[in-house]
Amino acid sequence: MPAMPGPPTPRIPLATSVAAVDTSTSVVIRPDPADQITCRKDAVQTISDVVFATRVLPDGNSMNLLMDVQIPMPRGKRHPLVIYVPGGGFMMAAKEGALNLRTYVAEAGFVVASVQYRTMLNGSTFRDSVVDVKSAIRYLRAHAQRYDIDPGRVAVWGESAGDTWSPWLA
0 MPAMPGPPTP
10 RIPLATSVAA
20 VDTSTSVVIR
30 PDPADQITCR
40 KDAVQTISDV
50 VFATRVLPDG
60 NSMNLLMDVQ
70 IPMPRGKRHP
80 LVIYVPGGGF
90 MMAAKEGALN
100 LRTYVAEAGF
110 VVASVQYRTM
120 LNGSTFRDSV
130 VDVKSAIRYL
140 RAHAQRYDID
150 PGRVAVWGES
160 AGDTWSPWLA
């Protein structure tokens, strides 16, 4: 049997010229280069699978919550801390994600901790996940000397589901 013809392919309009940019109704942000993370290549020590909390799941099993911590070298100087909260649609929280981006930030002189949190697949709620990320921050502040962290300078960074945390963590 011959194939039936499909719907016609839509024509996509293409620009035929480029107009000058009009910024009269826009706010143009010109960040101070001194405030930007600059590409350095500090050596980085990575400590993997640090247990920062143990939780009892709704099914009665327990779960160790883990984090990976990247620390700029040489050790001994306090650095600002960046908490990386991975995305995953609240179905997974793979702390191993975005390694290239986390390493770039750590090489620029920041301690970077990528944290795991409970998800819906563990029978947890969004609030449980927030509790877990807050626990990671408290753990790192309590162990600031061990990880060369300046506990007064902490930022949270995430992707996808992980970028919804900031208002909840304040």
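Using numbering that gives the first Met the number 0, read the sequence shown as starting at 0 and increasing by one per residue.
All C-beta atoms, glycine included, are put in the ideal place defined by N, C-alpha and C.
- Check whether the Cβ atoms of Asp131 and Leu64 lie closer than 8 Å to each other. Inclusion of Asp131 and Leu64 in the CB contact set at 8 Å is warranted, their separation being smaller than that value.
- Can you grab the Cα-Cα spacing for the pair Val111 / Arg74, in whole Å? The alpha-carbon separation between Val111 and Arg74 amounts to approximately 14 Å.
- Query: Taking all protein chains shown into account, do 16 or more other C-beta atoms lie within 10 angstroms of the C-beta of Glu95, making it buried, or fewer, making it exposed?
  - Reply: Flag for Glu95 reads exposed.
- DSSP state of Gly161 mapped onto helix, strand, coil: Here Gly161 carries a helix assignment [DSSP, helix/strand/coil].
- Could I get the ranges of all uninterrupted beta strand (DSSP E) runs contained in the region 77 to 152, with 3 residues as the minimum, in chain order? For the region 77 to 152, whole beta strand (DSSP E) runs of length 3 or above, ordered along the chain, are 78 to 84 and 110 to 114.
- Task: Identify whether Asp67 lies in helix, strand or coil by the three-state DSSP scheme.
- Result: Asp67 falls in the strand class under three-state DSSP.
- Message: Could you check whether Ala93 and Glu158 sit closer than 8 Å to each other, using their CB atoms as the reference points?
- Response: Going by C-beta atoms, Glu158 is not nearer than 8 Å to Ala93.
- Is the Cβ of Thr8 closer than 8 Å to any Cβ of chain B? The displayed structure is made up of one protein chain only, and chain B is not part of it.
- Helix, strand or coil: which one does DSSP assign to Asp48? The answer is strand: DSSP assigns Asp48 an E or B state.
- Query: In three-state DSSP terms, what is Ala154?
  - Reply: Ala154: strand per DSSP, three-state reduction.
- Alpha-carbon spacing of Met3 relative to Ile11, whole angstroms: When rounded, the distance between both Cα atoms is 24 Å.
- Message: Which residues does DSSP list as the beta-bridge partners of Ser61?
- Response: According to DSSP, Ser61 bridges with Val55.
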